[in-house]
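Residue numbers (my numbering): 37 to 166. Virtual Cβ for every residue (Gly too), placed ideally from N, Cα, C. For clarity, every value in this text was computed on a predicted model and none was experimentally measured.
Encoded structure:
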């Protein structure tokens, strides 16, 4: 199956965890080869009273931060799946969900026990004030 379709399904779990208050963080990692871009870290922020996502691009020598809507973040992150990143990990209070592409670009999605006991504090504060 096309990784764009499967990543869309994975990202729907991100949106659900944001809506239900279980989101802890999202990380894109495991690059192909030695790239300048090492990771992308995603966390919720409140911008002009709207829940948005901060995308922190961690390069070898610098960090760049972008603020995007939740839907717009999907398109931006999709640009980096398969080039250079082969995995994305969604951390929630209910489960960790790992999205992986292997060398043949076959997709696997693995659910594991949660690494985090608490959801993101900014998200919880936003949902409490809704």
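Would the region 62–75 and the region 149–159 be scored as touching if the rule is three or more Cβ pairs under 8 Å? no
Under 8 Å: do the region 79–97 and the region 135–146 share three or more Cβ pairs, one atom per stretch? no
I'd like to know if the region 93–107 and the region 117–130 are in contact, where contact means that at least 3 CB-CB pairs between them fall below 8 Å. no
Quick one, are the C-beta atoms of residue 158 and residue 81 less than 8 Å apart? yes
If we ignore side chains and look at the alpha-carbon of each, how far apart do residue 59 and residue 140 end up? 30 Å
For residue 132, the nearest candidate out of 115, 117, 118 and 153 (CA to CA): 153
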